[in-house]
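Chemist: One structure follows; several queries about it will come next.
Residue numbers (the numbering used here): 87 to 168.
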């Protein structure tokens with residue numbers, strides 16, 4: 087059950103990063119989400135802040151995928167032992 091929940095959470099996280107257009111048109115004037123913040127920073131030019139933020143997001147995404155892989159692999163070993 088846990089691999090399915092973790093896989094769903096990873097898919098939701100990945101899709102939420104891609105939903106810039108929907109967020110752009112539906113967000114209120116007082117709310118700023120991460121995709122909107124990145125977009126507003128990129129309009130002014132690529133800065134070290136954008137590079138750092140992108141790196142953090144990539145590392146977090148790869149880390150979650152690696153964690154999911156390791157958890158699924160560990161679950162397979164338990165089944166083989168039984």
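Where a beta carbon is used, it is the ideal one built from N, C-alpha and C, also for glycine. Only a predicted model underlies this, so the values are computations on that prediction, with no experimental measurement involved.
Output yes or no for whether 8 Å exceeds the beta carbon distance between residue 126 and residue 119.
Modeler: Here residue 126 refers to the residue found at position 40 of the chain shown. Here residue 119 refers to the residue found at position 33 of the chain shown. No. Outside cutoff.
Chemist: Specify whether the region 126 to 138 and the region 150 to 158 touch according to this definition: at least 3 beta carbon pairs, one from each stretch, less than 8 Å apart.
Modeler: Flag = no, the region 126 to 138 and the region 150 to 158 do not touch.
Chemist: What are the boundary residues of the alpha helix (DSSP H) that residue 121 is part of?
Modeler: Taking the first residue of the chain shown as position 1, residue 121 is located at position 35. It spans 120 to 129 - the alpha helix (DSSP H) in which residue 121 sits, taken as one unbroken run.
Chemist: Could you tell me the distance, in whole angstroms, from the CA atom of residue 107 to the CA atom of residue 121?
Modeler: In the chain shown, the residue the question calls residue 107 occupies position 21. In the chain shown, the residue the question calls residue 121 occupies position 35. Roughly 9 Å between the two C-alpha positions.
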